[in-house]
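J.: My questions all concern the structure below.
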Amino acid sequence: MWTILALAALVLGAAVARAGFAPDVVTALEGSKDLYVATQRKDGTRSKVSPIWFMFDGDAVYFTTVPTSYKAKRIARGSPLFVWVGSEQGPHFVGKAEILRDPAVAEMMAPVYDRKYWISWLGFFRPRADRVRDGKTVIVKVTPAS
C-alpha cells in the first residue's frame, strides 16, 4: 500500500526525470530569484558570468535578452549555456538554449515575473509581448543538455 509521502516522491521523481533537471537544481530553481549564466566563445573559453531573472515552468527555464547581446548571438550559434542557480556557487547544469520570438511566451512570463520581482510588478524589466513582436527582445528557453 502506497503512503502519501511515497506517492508524492514518485510523482516528483517522474516530473524531475521528465524535465531532466537534477533534484537539487529543481529545488533551487523553484526557490531562487536569480540565475547566473555564461556562454562559450568561438575560441572555446567561457564568457563572463551574468546574473539574470528567469521563469521556471518545471520543464524549462526562460529569460529575456536583447537580440544584439553576445549571449543571444552565441546561443543562436549553438553555444551551450552554463547555468548556476541562486548564486555563482549554487547548483548548476549545462543547458541547451534556443532563441524564441513568440510574443505569447512573453505574455506567459510577465505575470510570473510580477509575482517574483517587485519592480516587474511596477512595470519595469518585465517580459513584454510588444518588445518581442518588434524584435527588441528575444526569449531564451533552456533545457538540460543531454
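Take the sequence shown: its letters are residues -5 to 140, numbered as in my numbering. From the three backbone atoms N, C-alpha and C, an ideal C-beta is built for every residue, glycine too.
Here's the rule: buried if 16 or more other CB atoms are within 10 angstroms of the residue's CB, otherwise exposed. What is residue 81?
T.: Within the sequence shown, numbered from 1, the residue matching residue 81 stands at position 87. Its Cβ having fewer than 16 others within 10 Å, residue 81 is exposed.
J.: Measuring only the C-alpha atoms, how far is residue 44 from residue 85?
T.: Here residue 44 refers to the residue found at position 50 of the sequence shown. Here residue 85 refers to the residue found at position 91 of the sequence shown. So the two alpha carbons sit approximately 15 Å from each other.
J.: On the three-state DSSP scale, how would you describe residue 89?
T.: Taking the first residue of the sequence shown as position 1, residue 89 is located at position 95. If DSSP states are grouped into helix, strand and coil, residue 89 belongs with the strands.
J.: Report the three-state DSSP secondary structure of residue 112 (helix, strand or coil).
T.: Within the sequence shown, the letter at position 118 stands for residue 112. Reduced to three states, the DSSP call for residue 112 is helix.
J.: Closest to residue 99 by C-alpha separation, out of 30, 67, 63 and 54, would be which residue?
T.: Along the sequence shown, read from residue 1 onward, the residue named residue 99 stands at position 105. Checked all of 30, 67, 63 and 54; the closest Cα to residue 99 is 54.
J.: Residue 138 and residue 89: beta carbons closer than 7 Å?
T.: Numbered from its first residue, the sequence shown carries residue 138 at position 144. Numbered from its first residue, the sequence shown carries residue 89 at position 95. The answer is yes: Cβ separation under 7 Å.
J.: Nearest-angstrom Cα distance between residue 47 and residue 23?
T.: Start at 1 with the first residue of the sequence shown, and residue 47 comes out as number 53. Start at 1 with the first residue of the sequence shown, and residue 23 comes out as number 29. About 11 Å.
J.: For residue 104, which of 92, 133, 79 and 30 has the nearest alpha-carbon?
T.: For the purposes of this step, residue 104 is taken as residue 110 along the sequence shown, with counting starting at 1. Among 92, 133, 79 and 30, the Cα nearest to that of residue 104 is on 133.
J.: Leaving out the 5 sequence neighbours to the left and right, which residues in its chain are closer than 8 Å to residue 77 when beta-carbon positions are compared?
T.: The residue labelled residue 77 in the question sits at position 83 within the sequence shown. 29, 30, 31, 55, 86, 87, 88, 89 and 136, listed in sequence order.
J.: Using the DSSP secondary-structure output, state which residues sit across from residue 40 in a beta bridge.
T.: As a first step, residue 40 is located in the sequence shown; it is residue number 46 there, counting from the start. BP columns for residue 40 point to 34.
J.: Write down the C-beta distance between residue 131 and residue 60 rounded to the nearest angstrom, noting that I regard them as a contact closer than 8 Å.
T.: Within the sequence shown, numbered from 1, the residue matching residue 131 stands at position 137. Within the sequence shown, numbered from 1, the residue matching residue 60 stands at position 66. Going by Cβ atoms, the distance from residue 131 to residue 60 rounds to 6 Å, so yes, they are a contact pair.
J.: Rounded to the nearest angstrom, what separates residue 125 and residue 101 at their Cα positions?
T.: In the sequence shown, the residue the question calls residue 125 occupies position 131. In the sequence shown, the residue the question calls residue 101 occupies position 107. Their Cα atoms are separated by approximately 11 Å.
J.: For residue 39, count the other beta carbons within 10 Å of its own beta carbon; 16 or more makes it buried, fewer makes it exposed. Which is it?
T.: If you number the sequence shown from 1, residue 39 lands on position 45. Exposed, since its Cβ has fewer than 16 Cβ neighbours within 10 Å.
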